[in-house]
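One line per chain: the protein sequences are A and B, in this order. Using the working numbering, the final residue of the first sequence is 89, and nothing's skipped along the way. Using the working numbering, the final residue of the second sequence is 768, and nothing's skipped along the way. For every residue, glycine included, the Cβ atom is placed at its ideal position computed from N, Cα and C. Read through the structure below, which is laid out as structure tokens, and then see the notes.
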Amino acid sequence: MRLERKQREYWRRNLRMTAFLLAIWFVVTFVVSYFARDLGGIVVLGFPLGFYMGAQGAPVIYVLIIWWYARYMNRLDREYGVSDAEAED
Amino acid sequence: MADYKIPLRRYYASYTVGFFVFILGLGVLERHGMPPRWIGYSFLLLTILLYATIGVLARTASVSEYYVAGRRVPAVFNGMATGADWMSSASFMGLAGTLYLSGYQGLAYVMGWTGGYVLVALLLAPYLRRFGQFTVPDFLAARYGGNLARLVGVFATVLASFVYVVAQIYAVGLITSRFVGLQFEVGVFVGLAGILVCSFLGGMRAVTWTQVAQYAILIVAYLVPVTILSYQVTGIPLPQLTYGQVLQKVQVLEEGIFDEPAEVDARRLFHERADGYYERILSLPASLDQERHHLTQQINDLKSSNVQMREVAALERQRRELPTSSTEARAYWETLMRQAGQRSMEPEHHLTPFPGNGEAVNDTARLNFLSLMFCLMVGTAALPHVLTRYYTTPSVREARNSVFWSLFFILALYLTAPAYAAFAKHEIYSHLVGSSMAQLPVWVSSWGKIGMVSIEDINNDGILQLAELSFNPDVILLATPEIAGLPYVVSGLVAAGALAAALSTADGLLLTIASALAHDVYYKIFRPKATTQWRLVVSKSLLLVVAVLAASVASQKPATILFMVAWAFSLAGSAFFPALILGVFWKRATATGAVSGMIIGLASTIYYMVRVHFDSIPWLGIHGIGMEPWLGIQSTAAGVWGVAAGFLTIVVVSLFGKPPSGATQDFVESVRYPELDGS
């Protein structure tokens with residue numbers, strides 16, 4: 001398979017977005033949880049911030065990450081004219 | 090696609106409305122004196138009949154329909170089906186209870202089981218869909234050219250999925266025996282029938298459409314009781330928003346309860362009891378004879394005085410149940426010691442992350458929290474029954490959207506689970522603890538009868554202390570309707586929801602195991618020329634065999650079942666995650682590297698789990714293999730080591746070998762780069 005410049009560009013943009021979103025995922029998951037004890041002083045909706053992030057904040061951010069990725073990639077597909085025909089076998 | 094979606098939406102909308110009408114109807118009948126047992130039967134019969142109908146309507150004889158539902162499942166419905174597939178009885182029943190018992194620490198499950206979908210969405214689903222075959226081992230075989238990678242994949246699939254499916258069938262037995270009054274073993278096989286009617290005739294196609302129906306039932310069942318409870322306690326029917334205030338009240342109650350003198354006294358007594366068992370274990374075997382002798386003496390004393398026969402009988406039973414050998418006695422007393430020890434511990438504050446006295450304890454708790462979360466996420470992104478679902482969408486774009494919908498539907502449950510824990514804790518701390526032993530609510534005794542709740546007035550003050558109450562975590566969810574004083578129809582609804590959660594996951598898992606064996610082993614390795622018809626016959630027979638095998642294991646009531654579910658994630662994660670990720674993102678990964686990485690990853694996880702969790706495996710004649718956990722990491726997070734070892738091995742071995750062939754590199758590119766118009 002001979003790769004064209006356009007295809008490489010498509011892949012690079014995909015990788016960049018993936019890395020960016022994974023970084024957010026990492027911070028929300030591991031960095032925030034690591035400091036959960038120190039975030040106890042801040043109160044959101046009656047919860048200490050550390051608890052709130054684990055119970056609601058992080059999961060909601062996850063779903064937003066996935067939503068954003070799907071939107072970004074589906075637009076990228078259209079921009080680069082990706083044919084995504086239904087694959088029947 | 091558009092014409093395919095519209096009738097589906099209408100069908101499922103009217104189905105959900107119909108389900109509500111059915112619940113209301115039963116509610117009215119209950120008012121007019123319908124006995125609870127009949128309500129249980131109605132729910133069980135109606136739901137299983139419903140699943141069976143969908144299963145029969147969706148029967149198929151096409152391979153593509155059977156394995157991947159013809160790749161015609163729209164994103165939203167695939168999301169719902171994944172939700173039901175994903176949320177097992179562990180999520181439905183176990184999560185709320187775990188959060189109740191461990192407070193903040195339990196959030197590792199909430200984050201782990203949702204955050205894993207980020208990995209699925211970003212790193213796996215679109216690529217697997219573009220590849221577009223039937224199973225996860227298919228991908229491994231295509232990428233790492235050969236049957237060895239496929240076989241290792243099949244082994245890991247079967248191992249992780251079988252452990253998981255046994256837990257589901259066990260849950261089915263539990264629910265049917267509690268709510269319908271069937272015998273546990275009978276319940277297991279009734280559940281099995283419910284599972285088979287869906288998957289046997291229609292494979293993935295039937296399983297998908299049943300799972301959509303099951304999602305509707307399970308989510309309604311999960312949300313209804315806690316919404317009513319929230320309305321009762323706070324006046325606002327949105328538990329997800331109101332439980333913050335409730336937790337603040339819990340915090341105030343905790344301050345009052347934890348340091349109460351009677352509470353401290355009860356904990357001290359449990360501590361003494363644990364010490365007593367410890368001494369007995371140390372002085373085995375003499376202590377066993379002593380114990381028997383002591384009981385005999387007591388019985389004789391009682392018999393000579395004219396005390397009630399009941400007490401004598403209780404002591405005699407105690408003597409009968411005494412273990413016969415000192416190995417048995419050790420295990421028996423260790424269990425009792427652990428139980429008493431747990432009750433003697435000072436309870437943790439619900440809202441405090443990484444609790445415990447001292448920096449070192451906090452740090453270990455934090456490390457365990459983070460590593461458990463890591464394992465659950467990586468396991469989510471590696472469990473074959475979840476990944477297979479993304480083969481069923483019509484296109485790569487739909488696969489991406491579908492991950493979004495999956496997590497969206499899953500969040501409906503996961504954002505609510507902490508609310509269950511909060512409301513239950515509030516109820517128990519404010520009403521149950523400190524009440525008189527003689528006037529405990531009915532649910533305590535009805536769940537106590539089947540051993541799910543246990544109460545012991547150790548300090549004989551006639552009042553229930555927090556330390557004197559202990560229960561199986563599953564009770565929190567199942568008993569909430571009774572705790573809130575709701576009609577029995579709501580309990581029946583919760584049972585139907587729990588059943589749907591267990592059945593839908595079991596369906597997906599059984600199908601995955603059967604496909605791995607029938608498609609990957611039989612068709613791809615042994616009989617590549619087998620006819621379509623014959624392949625389906627093999628697949629269906631294997632499904633039957635695996636199902637019966639899983640049910641017979643489950644009917645033995647294996648004790649470590651909850652641990653095993655957490656292990657399944659570590660096992661799947663360490664076997665698949667490194668090989669799948671590097672397979673897409675690192676062209677240099679070679680077949681030898683991947684195979685050795687999968688084997689070493691899996692082996693190190695198993696090694697760590699076994700040695701940390703067990704000291705001896707009697708049926709293999711192995712003793713004294715226990716070891717201290719590394720860095721204090723528990724066996725449930727064993728995957729941390731396995732995943733690291735897997736990545737490391739693949740990278741090192743690949744770099745030492747020859748780069749993969751041109752064909753393999755082309756394959757990677759075909760998965761990465763889509764066909765562009767005009768190229």
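C-beta contact flag for residue i and residue j at 8 Å
{"i": "tyrosine 480 of chain B", "j": "phenylalanine 166 of chain B", "result": "no"}
{"i": "alanine 170 of chain B", "j": "valine 279 of chain B", "result": "no"}
{"i": "glutamine 334 of chain B", "j": "glycine 46 of chain A", "result": "yes"}
{"i": "serine 580 of chain B", "j": "leucine 553 of chain B", "result": "no"}
{"i": "serine 585 of chain B", "j": "alanine 310 of chain B", "result": "Residue identity check: residue 585 of chain B is alanine in the sequence provided, not serine. Result yes, Cβ atoms of alanine 585 of chain B and alanine 310 of chain B sit closer than 8 Å."}
{"i": "serine 180 of chain B", "j": "leucine 502 of chain B", "result": "yes"}
{"i": "valine 475 of chain B", "j": "tryptophan 202 of chain B", "result": "no"}
{"i": "valine 207 of chain B", "j": "tyrosine 62 of chain A", "result": "yes"}
{"i": "valine 722 of chain B", "j": "valine 729 of chain B", "result": "What sits at residue 722 of chain B in the sequence shown is isoleucine, not valine. A contact, by the Cβ cut-off of 8 Å."}
{"i": "methionine 426 of chain B", "j": "tyrosine 367 of chain B", "result": "yes"}
{"i": "leucine 555 of chain B", "j": "proline 436 of chain B", "result": "yes"}
{"i": "proline 507 of chain B", "j": "valine 254 of chain B", "result": "no"}
{"i": "valine 173 of chain B", "j": "serine 495 of chain B", "result": "The residue asked about is misnamed: residue 173 of chain B is alanine in this sequence, not valine. Going by C-beta atoms, alanine 173 of chain B is not nearer than 8 Å to serine 495 of chain B."}
Residue i burial status per 10 Å Cβ neighbour count (16 or more: buried)
{"i": "glutamate 717 of chain B", "result": "exposed"}
{"i": "histidine 121 of chain B", "result": "exposed"}
{"i": "tyrosine 100 of chain B", "result": "exposed"}
{"i": "valine 27 of chain A", "result": "exposed"}
{"i": "asparagine 446 of chain B", "result": "exposed"}
{"i": "phenylalanine 109 of chain B", "result": "exposed"}
{"i": "serine 630 of chain B", "result": "exposed"}
{"i": "glutamine 303 of chain B", "result": "buried"}
{"i": "asparagine 490 of chain B", "result": "buried"}
{"i": "histidine 520 of chain B", "result": "exposed"}
{"i": "leucine 608 of chain B", "result": "At residue 608 of chain B the sequence reads histidine, which differs from the leucine that was named. The residue in question, histidine 608 of chain B, is buried, as its Cβ has 16 or more Cβ neighbours within 10 Å."}
{"i": "tryptophan 656 of chain B", "result": "buried"}
{"i": "phenylalanine 359 of chain B", "result": "buried"}
{"i": "tyrosine 762 of chain B", "result": "buried"}
{"i": "phenylalanine 745 of chain B", "result": "exposed"}
Within-8 Å CB hit, residue i to chain A
{"i": "alanine 470 of chain B", "result": "no"}
{"i": "methionine 462 of chain B", "result": "yes"}
{"i": "alanine 210 of chain B", "result": "yes"}
{"i": "phenylalanine 443 of chain B", "result": "yes"}
{"i": "leucine 598 of chain B", "result": "no"}
{"i": "glutamine 334 of chain B", "result": "yes"}
{"i": "phenylalanine 658 of chain B", "result": "no"}
{"i": "glycine 204 of chain B", "result": "yes"}
{"i": "tyrosine 193 of chain B", "result": "yes"}
{"i": "leucine 133 of chain B", "result": "no"}
{"i": "valine 199 of chain B", "result": "yes"}
{"i": "leucine 82 of chain B", "result": "The shown model of chain B, from 90 to 768, leaves out residue 82 of chain B, and the question about it has no answer."}
{"i": "tyrosine 216 of chain B", "result": "no"}
{"i": "proline 570 of chain B", "result": "no"}
{"i": "tyrosine 155 of chain B", "result": "no"}
{"i": "tyrosine 762 of chain B", "result": "yes"}
{"i": "valine 673 of chain B", "result": "no"}
{"i": "leucine 720 of chain B", "result": "no"}
{"i": "leucine 327 of chain B", "result": "no"}
{"i": "valine 207 of chain B", "result": "yes"}
{"i": "leucine 330 of chain B", "result": "yes"}
Minimum Cβ-Cβ distance from residue i to chain B less than 8 Å
{"i": "leucine 22 of chain A", "result": "yes"}
{"i": "tyrosine 69 of chain A", "result": "yes"}
{"i": "valine 31 of chain A", "result": "no"}
{"i": "valine 95 of chain A", "result": "In the structure as shown, chain A begins at 1 and stops at 89. Residue 95 of chain A is therefore absent and cannot be evaluated."}
{"i": "glycine 41 of chain A", "result": "no"}
{"i": "arginine 37 of chain A", "result": "yes"}
{"i": "isoleucine 65 of chain A", "result": "yes"}
{"i": "aspartate 89 of chain A", "result": "Residue confidence is low: aspartate 89 of chain A scores 35 on pLDDT, short of 50, so the model does not pin down where it sits. Its coordinate-derived value is still stated next. Yes, contact with chain B."}
The ligand SAH heavy atom lying under 7 Å from the CB of residue i
{"i": "valine 241 of chain B", "result": "Although the ligand SAH was asked about, the structure shown includes no ligands whatsoever."}
| query | At a Cβ cut of 9 Å, what residues of the stretch 45–57 of chain A count as close to chain B, listed as they run along the chain? | reply | Answer set for the stretch 45–57 of chain A: Leu45, Gly46, Phe47, Pro48, Gly50, Phe51, Tyr52, Met53, Gly54, Ala55, Gln56.
| Chain-ordered residues of the stretch 310–324 of chain B with a beta carbon less than 7 Å from chain A | Along the stretch 310–324 of chain B, there is no position whose C-beta sits under 7 Å from a C-beta of chain A.
| said: Any C-beta of chain A within less than 8 Å: which residues of the stretch 481–515 of chain B qualify? | reply: The residues in question are Pro483, Ser484, Val485, Arg486, Arg489, Asn490, Val492, Phe493, Leu496, Phe497, Leu500, Tyr503, Leu504, Pro507.
| message | At a CB distance below 9 Å, what residues from the stretch 332–360 of chain B approach chain A? Give them in sequence order. | response | Residues of the stretch 332–360 of chain B with a Cβ closer than 9 Å to any Cβ of chain A, in chain order: Tyr332, Gly333, Gln334, Val335, Leu336, Gln337.
| task | Answer yes if the stretch 448–455 of chain B comes into contact with the stretch 140–148 of chain B, meaning at least three C-beta pairs across the two stretches below 8 Å, and no otherwise. | result | No contact exists between the stretch 140–148 of chain B and the stretch 448–455 of chain B.
| message | Closer than 8 Å between beta carbons: that is the criterion. Which residues of the stretch 432–459 of chain B meet it against chain A? | response | Residues of the stretch 432–459 of chain B with a Cβ closer than 8 Å to any Cβ of chain A, in chain order: Leu440, Thr441, Pro442, Phe443, Asn451, Arg455, Phe458, Leu459.
| said: Can you confirm whether the stretch 112–120 of chain B touches the stretch 561–569 of chain B when touching is taken to mean that 3 or more C-beta pairs between the two stretches lie within less than 8 Å? | reply: No, because fewer than three Cβ pairs between the stretch 561–569 of chain B and the stretch 112–120 of chain B fall closer than 8 Å, the two stretches do not touch.
| When you check each C-beta in the stretch 553–568 of chain B against every C-beta of chain A, which residues fall closer than 7 Å? | For the stretch 553–568 of chain B, which is checked against every Cβ of chain A, not one residue is closer than 7 Å.
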